[in-house]
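Colleague:
Numbering (the numbering used here), first residue to last: 1 to 138.
#1: Three-state secondary structure (DSSP) at residue 4?
#2: Helix, strand or coil, according to DSSP, for residue 23 in the structure here?
#3: If we require 4 or more residues per run, which alpha helix (DSSP H) segments fall completely within the region 33-86?
#4: Judging by CA-CA distance, which residue of 2, 68 and 29 is the nearest neighbour of residue 20?
#5: Sort 39, 6 and 26 by Cα distance to residue 57 and report the nearest one.
#6: Going along the chain, which residues of its own chain have a beta-carbon closer than 6 Å to the beta-carbon of residue 55, five neighbours each way excluded?
#7: Kindly list the residues whose CB is nearer than 8 Å to the CB of residue 25, restricted to its own chain and excluding five residues on each side of it in sequence; keep chain order.
#8: Residues in the same chain with beta-carbon distance under 8 Å from residue 73, minus the five sequence neighbours each way, listed in chain order, please.
#9: In the structure shown, what three-state DSSP assignment does residue 107 receive?
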């Protein structure tokens, strides 16, 4: 029981770490899933497109660090001052996305889904842990 309680404390401490953004990680996972489904579709269609080198296409650590950098920057546009082409590409992508989604899509929600999920998981993990412990010692 002591080891389990220490594990729960460690896990809670890790979840409170500000360097890790659960919502961002969830978005990255969704993107990876879409990428995987695209690869499956390509294979199903007889590979009309050559398969990309995934290690060059997506690096989770790089993406997460880039996200942290962009999140901490005062203005995303200022990041592209040294590269007008990148600034133009950013604006084109931004305008495209803004034209397809509703205006309130990027507004911060008062309570994020992950916060409510954390509370539910904490309750269910505690119940699950005590149930497993009592069953294994019976």
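Yeah, the Cβ is synthetic: ideal placement off N, Cα and C, and Gly gets one too.
Modeller: Answer, in terms of the structure:
#1: Walking along the chain shown from the start, residue 4 turns up at place 4. Looking at residue 4 - three-state DSSP - the assignment turns out to be helix.
#2: Residue 23 sits at position 23 when you count from the first residue of the chain shown. Residue 23: helix per DSSP, three-state reduction.
#3: 54-57 and 60-72
#4: If you number the chain shown from 1, residue 20 lands on position 20. When each option's Cα is compared against that of residue 20, the closest is 68.
#5: Sequence index remark: in the chain shown, residue 57 carries index 57 (1-based). Out of 39, 6 and 26, 39 has the C-alpha closest to the C-alpha of residue 57.
#6: On the chain shown, position 55 is the one that residue 55 refers to. So the list is empty, once near-sequence residues are dropped.
#7: Along the chain shown, read from residue 1 onward, the residue named residue 25 stands at position 25. Cβ neighbours of residue 25 beyond the five flanking positions: 64.
#8: Here the question's residue 73 lines up with position 73 in the chain shown. 79.
#9: By one-based count along the chain shown, residue 107 stands at place 107. Coil, per DSSP.
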